[in-house]
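To start, the structure under review is shown below, and the notes come after it.
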Amino acid sequence: MAGIKVFGHPASTATRRVLIALHEKELDFELVHIDLKDGEHKKEPFLSRNPFGKIPAFEDGGFKLFESRAITQYIAHEYADKGNQLLSPGSKNMAILAMGMEIEAHEFDSVASKLGWEQIFKNFFGLTTDQAVVKEEEVKLGKVLDNYEARLGESKYLACDHFTLVDLHHIPVIQYLLGTPTKKLFDERPHVSAWVADITSRPSSQKVLL
Amino acid sequence: MITILQSQLLPPPPIKLRHSSLLFSPSQHSRPNLKFTSKSSPSPPTITMASIKVHGVPMSTATMRVLAALYEKDLEFELIPVDMRAGAHKQEPFLSLNPFGQIPALQDGDLTLFESRAITEYIADEYSEKGEKLMCPGCNKVKALTKVWLNVEGQQFDPIASKIAFERIFKGMFGMTTDPAAVQELEGKLVRVLDIYEARLSKSEFLACDCFTLADLHHLPVIHYLMGTDSKALFESRPKVCEWVKKITARPAWAKVVDLQKQ
């Protein structure tokens with residue numbers, strides 16, 4: 003059976019990024035569990051799918067990809083006619099989307115995923131949260147969210163007036179942070195708070211939660 | 328301050344000037360806007376009505392990324408210097424162009440963009456008929472492969488390589504000392520990435536496919552700086568990587584970007 007396969011872990015933020023996109027597009031797929039505890043992602047055969055040894059990897063009928071944000075973009079373009087629209091037509095609109103995706107990847111994710119790591123994932127591995135790091139990263143996140151607050155005062159979603167990949171890419175990390183004290187940074191900014199409530203209540207966002 | 332520095336230091340430290348050809352002159356803020364057309368030789372610039380404006384400085388890796396794409400596309404543009412030493416990038420009017428306070432920003436008519444990798448993608452897309460093709464030609468599957476390697480540069484290569492450039496070059500410019508332990512650790516990570524590039528370039532002439540694309544172009548500014556340091560050994564010791572570096576840095580469009588630094 004060819005078709006779409008995702009090689010990853012249901013708790014991984016990058017894997018969820020891809021799964022949410024697939025749900026938005028109402029696509030059938032198989033999630034192949036990669037055993038992270040066993041280091042399966044750092045060995046063959048997984049390395050042939052992603053030589054950087056990171057989940058997820060993706061396959062669509064023999065066509066192989068890695069890097070979650072490349073995968074979601076492929077899904078959005080290849081299946082443009084299915085499910086929900088995740089893009090915005092025209093090169094200027096796509097440029098705004100590209101900009102939003104870069105901001106998520108470089109400005110938001112680097113800080114937000116450190117906060118997720120410190121407050122949640124470290125605990126899974128028996129390590130202690132470093133509160134000094136949390137404090138420092140929250141200051142940085144606050145500045146990014148101030149920019150988002152201004153943007154969302156002018157636009158219903160980050161790139162334009164409908165939900166796109168730009169909003170989608172944020173969902174998995176935000177879902178985790180809502181379960182930590184960092185939640186307050188989102189709550190205390192009204193436009194950001196409304197946007198978070200909106201994007202995390204989408205059926206596809208709900209589907210990836212364990 | 329240069330874009331690399333932005334991500335490392337919050338808030339920016341007081342700057343101690345060292346005399347260096349890499350530093351811009353005190354008259355930066357009063358220098359007239361520089362108009363460039365890639366069809367003419369670097370000096371003197373021709374006076375044209377350019378609809379594309381780039382706000383940045385030739386020293387900045389992110390600005391260089393955008394300039395490279397514009398030259399590859401033979402597009403006319405105006406480079407508007409931003410007085411980093413005066414903190415112009417952290418104040419209005421620049422913040423209206425990029426609220427994150429980082430160069431470059433680009434204006435094309437009434438469109439304003441920031442994030443260098445989004446700008447280059449826009450240039451490649453909007454001006455797809457002009458100059459060099461910077462995306463793999465073909466269907467969605469082929470384009471997706473370019474996106475994979477664009478993400479690899481942005482997520483796997485650049486975070487490590489730009490920190491090395493920061494340690495080896497930019498720290499010195501601001502009166503700080505290179506941390507050799509940090510360099511060693513970072514180089515240990517970079518070699519793992521370059522081993523993967525070596526394998527990839529044994530199967531493909533350029534990173535994404537057999538033609539030069541944005542995936543290769545995005546690497547140019549940081550590689551340019553690292554090739555002027557001891558870290559160049561990491562690239563030179565891997566034959567396919569070495570060949571690829573030589574190819575991409577020899578491109579005429581890139582030479583024009585490097586030339587701008589000398590002006």
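In order, the protein sequences belong to chains U and P. Counting from 3, one number per residue, gives the positions in the first sequence under the working numbering. Counting from 328, one number per residue, gives the positions in the second sequence under the working numbering. Every residue gets a Cβ at the ideal spot worked out from N, C-alpha and C, and that includes glycine.
Look up residue i in the DSSP assignment and give the residues it is bridged to.
{"i": "VAL585(P)", "result": "Answer is none; VAL585(P) lacks a bridge partner."}
{"i": "ASP435(P)", "result": "ILE379(P), LEU438(P)"}
{"i": "HIS35(U)", "result": "GLY10(U)"}
{"i": "PRO53(U)", "result": "None, per the DSSP bridge assignment."}
{"i": "ALA59(U)", "result": "PHE9(U), PHE68(U)"}
{"i": "PRO205(U)", "result": "None, per the DSSP bridge assignment."}
{"i": "PRO408(P)", "result": "GLY383(P)"}
Just confirm the distance between the C-beta atoms of residue i and residue j, as a whole number of angstroms; I'd bet it's less than 8 angstroms.
{"i": "TYR449(P)", "j": "LEU440(P)", "result": "6 angstroms"}
{"i": "THR447(P)", "j": "LEU534(P)", "result": "Not confirmed; about 15 angstroms, so no contact."}
{"i": "LEU187(U)", "j": "LEU147(U)", "result": "6 angstroms"}
{"i": "LEU99(U)", "j": "ALA161(U)", "result": "5 angstroms"}
{"i": "CYS536(P)", "j": "VAL475(P)", "result": "That pair is no contact at about 11 angstroms."}
{"i": "LEU477(P)", "j": "ALA432(P)", "result": "Not confirmed; about 20 angstroms, so no contact."}
{"i": "PHE65(U)", "j": "VAL20(U)", "result": "With a Cβ gap of about 14 angstroms, PHE65(U) and VAL20(U) do not count as contacting."}
Less than 8 angstroms separating the beta-carbons of residue i and residue j?
{"i": "THR74(U)", "j": "ALA107(U)", "result": "no"}
{"i": "SER115(U)", "j": "VAL175(U)", "result": "yes"}
{"i": "ALA377(P)", "j": "GLU419(P)", "result": "no"}
{"i": "PRO486(P)", "j": "THR388(P)", "result": "no"}
{"i": "CYS466(P)", "j": "LEU472(P)", "result": "no"}
{"i": "VAL210(U)", "j": "TYR150(U)", "result": "no"}
{"i": "ALA395(P)", "j": "MET101(U)", "result": "no"}
Suppose the cutoff is 8 angstroms on Cβ atoms and the five residues either side in sequence are ignored; what does the same chain contact list for residue i look like?
{"i": "LEU117(U)", "result": "VAL136, GLU139, GLU140, LEU143, LEU179, THR182, THR184"}
{"i": "LYS516(P)", "result": "ILE487"}
{"i": "SER370(P)", "result": "Note that SER370(P) has pLDDT 44, beneath the 50 cutoff, so the model's placement of it is unreliable and the number below is only indicative. Once the five neighbours on either side are set aside, the close Cβ partners of SER370(P) are GLN590."}
{"i": "LYS400(P)", "result": "ILE450, ALA451, TYR454, LYS457, GLY458, GLU459, LEU461"}
{"i": "MET391(P)", "result": "PRO385, LEU547, PRO548, HIS551, VAL584"}
{"i": "GLU120(U)", "result": "THR131, ASP132, VAL135, VAL136, GLU139"}
{"i": "GLU156(U)", "result": "none"}
Apart from the five residues on each side of it in sequence, which residues of its chain come closer than 6 angstroms, Cβ to Cβ, to residue i?
{"i": "THR17(U)", "result": "GLY10, HIS11, ILE57, PRO58"}
{"i": "TYR524(P)", "result": "VAL568"}
{"i": "PHE351(P)", "result": "Only weak support exists for where PHE351(P) lies, its pLDDT of 30 falling under 50; the value from the coordinates is given anyway. No residues qualify anywhere along the chain."}
{"i": "HIS43(U)", "result": "ILE36, GLY55, ILE57"}
{"i": "GLN133(U)", "result": "none"}
{"i": "LEU33(U)", "result": "VAL8"}
Hey, how far is the Cα of residue i from the Cα of residue j?
{"i": "ASN86(U)", "j": "GLU480(P)", "result": "29 angstroms"}
{"i": "GLU26(U)", "j": "THR202(U)", "result": "13 angstroms"}
{"i": "HIS79(U)", "j": "LYS498(P)", "result": "42 angstroms"}
{"i": "ALA492(P)", "j": "SER455(P)", "result": "32 angstroms"}
{"i": "GLU28(U)", "j": "LYS84(U)", "result": "7 angstroms"}
{"i": "SER529(P)", "j": "PHE484(P)", "result": "18 angstroms"}
{"i": "PHE539(P)", "j": "TRP571(P)", "result": "10 angstroms"}
{"i": "PHE427(P)", "j": "GLY383(P)", "result": "14 angstroms"}
{"i": "GLU405(P)", "j": "ASP437(P)", "result": "15 angstroms"}
{"i": "LYS45(U)", "j": "VAL520(P)", "result": "16 angstroms"}
{"i": "GLU190(U)", "j": "ASP200(U)", "result": "16 angstroms"}
{"i": "HIS551(P)", "j": "MET503(P)", "result": "22 angstroms"}
{"i": "MET103(U)", "j": "TYR159(U)", "result": "13 angstroms"}
{"i": "ALA196(U)", "j": "ARG153(U)", "result": "13 angstroms"}
{"i": "LYS573(P)", "j": "THR130(U)", "result": "46 angstroms"}
{"i": "ASP218(U)", "j": "ASP62(U)", "result": "Absent from the model: residue 218(U). The displayed extent of chain U is 3 to 212, so no value can be given."}
{"i": "PHE110(U)", "j": "HIS164(U)", "result": "20 angstroms"}
{"i": "VAL381(P)", "j": "ILE407(P)", "result": "6 angstroms"}
{"i": "GLN208(U)", "j": "VAL168(U)", "result": "18 angstroms"}
{"i": "LEU344(P)", "j": "PHE501(P)", "result": "Low confidence applies here, because LEU344(P) scores a pLDDT of 29, under 50, leaving its location unreliable; read the following figure in that light. Spanning the two alpha carbons is a distance of roughly 6 angstroms."}
{"i": "ASP435(P)", "j": "ASN95(U)", "result": "13 angstroms"}
Spatial neighbours of residue i within its chain, please: CB distance less than 7 angstroms, with the 5 preceding and 5 following residues excluded, ordered by chain position.
{"i": "ARG495(P)", "result": "THR505, VAL510, THR556, SER558"}
{"i": "GLN333(P)", "result": "Unreliable positioning characterises GLN333(P) in this predicted model, as indicated by a pLDDT of 36, which lies under 50. A coordinate reading is not provided."}
{"i": "ILE77(U)", "result": "ALA23, LEU24, LYS27"}
{"i": "ARG565(P)", "result": "LEU521, GLU525"}
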